[in-house]
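Engineer: Just so you know, we're using the numbering used here here: the sequence shown kicks off at 33 and counts up by one. One structure, as structure tokens, below. Some questions next.
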Amino acid sequence: MSSDNGRKRSHNLNEDDTVNDFENTIVGGDAWSTLDWLILLFEQDEMLAESRASGRFSNLLLQQIPPPRSGTGSRWDTAIPLRIILFCMEQTNIRRQMLGSRLMTLFINLSATPHLDLSMFVASLYSHLNAAGLEKLPALLSNLYPSTSTYRFKIMLCRKLLSDASHEQPVLLRVKFELINSYGLLQSELTAEERDSDWMSLLRDGKANKLIETVFSFDNPDSHIFREVLQSTMLIWSS
Numbered sequence: 033m034s035s036d037n038g039r040k041r042s043h044n045l046n047e048d049d050t051v052n053d054f055e056n057t058i059v060g061g062d063a064w065s066t067l068d069w070l071i072l073l074f075e076q077d078e079m080l081a082e083s084r085a086s087g088r089f090s091n092l093l094l095q096q097i098p099p100p101r102s103g104t105g106s107r108w109d110t111a112i113p114l115r116i117i118l119f120c121m122e123q124t125n126i127r128r129q130m131l132g133s134r135l136m137t138l139f140i141n142l143s144a145t146p147h148l149d150l151s152m153f154v155a156s157l158y159s160h161l162n163a164a165g166l167e168k169l170p171a172l173l174s175n176l177y178p179s180t181s182t183y184r185f186k187i188m189l190c191r192k193l194l195s196d197a198s199h200e201q202p203v204l205l206r207v208k209f210e211l212i213n214s215y216g217l218l219q220s221e222l223t224a225e226e227r228d229s230d231w232m233s234l235l236r237d238g239k240a241n242k243l244i245e246t247v248f249s250f251d252n253p254d255s256h257i258f259r260e261v262l263q264s265t266m267l268i269w270s271s
């Protein structure tokens, strides 16, 4: 009897371990090619919609997001795709990381439409990043496709991150770099009428450069690199 119970307990533990392994593996070892195919499908759908002047977003991807309970309004429940994206960012394989970046770009483009609530999307990502750790942040932000939608997304996320003073200095430096760079690039993409006049004045008066010198005055390699990159791109911002 005792040996039967022992075997039974051992069997249950093995089952539990298998379930836990399955839950912790967001993308199974044999599922990466399927994920790649799905992302490619969404990208092709997005390009097709853009060619038809329907906006740059994938309706196929939109259909994967649960509609709000009211049945009307923007969709917002992106918890599962965000888990997939951040899991991709954990991978040492660059191609797998890029799958996460490509999927994030698709969602950013979708959030630039009325169909997906951008503020809720950013808030959900912020919660997932805090829970999983901000180590994924540099890879997540650096590999996104450059566009006005991406710049607006980065600005909103960075402002959300900066509202939490508990983050360590290296994280805050990275976030400040992304915020300033994204804001500058966004302004350069806008028409003269749409641009922030205060920002343009800072560029003309040289105060933007002084701001960069002050924010990234720390004596460490990251601060030095961020300062040099921002100063070298100031010509693009004012063009």
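From the three backbone atoms N, C-alpha and C, an ideal C-beta is built for every residue, glycine too.
#1: Inspect the beta-carbon positions of residue 97 and residue 148 and report whether they are closer than 8 Å.
#2: Since residue 108 and residue 153 are thought to touch, with beta carbons under 8 Å apart, how far apart are those beta carbons, to the nearest angstrom?
#3: Quick one: grab the DSSP three-state call for residue 191.
#4: Am I right that residue 176 and residue 145 are in contact with their C-beta atoms under 8 Å? What's the rounded C-beta distance?
#5: Would you tell me roughly how many angstroms separate the C-alpha atoms of residue 114 and residue 173, rounded to the nearest one?
#6: With three or more beta-carbon pairs closer than 8 Å as the criterion, would you say the segment 180–190 touches the segment 212–232?
#7: Return the chain-ordered ranges of every alpha helix (DSSP H) run that is complete within the segment 42–123 and spans a minimum of 4 residues.
#8: Within the same chain, show all residues whose beta-carbon is closer than 7 Å to that of residue 271, passing over the 5 residues directly before and after it, in chain order.
#9: For residue 54 and residue 134, what's the separation of their Cα atoms in angstroms?
#10: What residues in its chain sit with their C-beta under 8 Å from that of residue 255, if we drop five residues either side in the sequence?
#11: Checking the sheet assignment: what are the DSSP bridge partners for residue 148?
#12: Under 7 Å Cβ to Cβ from residue 285, same chain only, skipping five residues before and after it: list those, please.
#13: Does the ligand GTP have a heavy atom nearer than 7 Å to the CB of residue 112?
#14: Is it true that the CB of residue 141 sits closer than 8 Å to the CB of residue 181?
Structural biologist: In terms of the structure at hand:
#1: Walking along the sequence shown from the start, residue 97 turns up at place 65. Walking along the sequence shown from the start, residue 148 turns up at place 116. Their beta carbons are under 8 Å apart, which means residue 97 touches residue 148 by this criterion.
#2: Mapped onto the sequence shown, residue 108 falls at position 76. Mapped onto the sequence shown, residue 153 falls at position 121. That pair is a contact at about 7 Å.
#3: Walking along the sequence shown from the start, residue 191 turns up at place 159. It is helical.
#4: Working through the sequence shown from its first residue, we reach residue 176 at position 144. Working through the sequence shown from its first residue, we reach residue 145 at position 113. In fact, because the Cβ distance is near 17 Å, the residues do not count as touching under 8 Å.
#5: Start at 1 with the first residue of the sequence shown, and residue 114 comes out as number 82. Start at 1 with the first residue of the sequence shown, and residue 173 comes out as number 141. Their backbone Cα atoms lie some 14 Å apart in a straight line.
#6: yes
#7: 64–83, 91–94, 111–122
#8: Locating residue 271 in the sequence shown gives position 239, counting from the first residue. Cβ neighbours of residue 271 beyond the five flanking positions: 220.
#9: Position 22 of the sequence shown holds residue 54. Position 102 of the sequence shown holds residue 134. Unreliable positioning characterises residue 54 in this predicted model, as indicated by a pLDDT of 39, which lies under 50. The coordinate reading is nonetheless provided below. Approximately 24 Å between the Cα atoms of the pair.
#10: In the sequence shown, residue 255 corresponds to position 223, counting from 1. Here the set comprises 205, 248, 249.
#11: Here residue 148 is taken as the residue at index 116 of the sequence shown, counted from 1. Answer by DSSP bridge pairing, in chain order: 107.
#12: Shown here, the chain extends from 33 to 271; a query on residue 285 therefore has no answer.
#13: Annotation note on the ligand GTP: not contained in the displayed structure, which lists no ligands.
#14: Taking the sequence shown and counting its residues from 1, one reaches residue 181 at position 149. Taking the sequence shown and counting its residues from 1, one reaches residue 141 at position 109. The Cβ atoms of residue 181 and residue 141 sit closer than 8 Å to each other.
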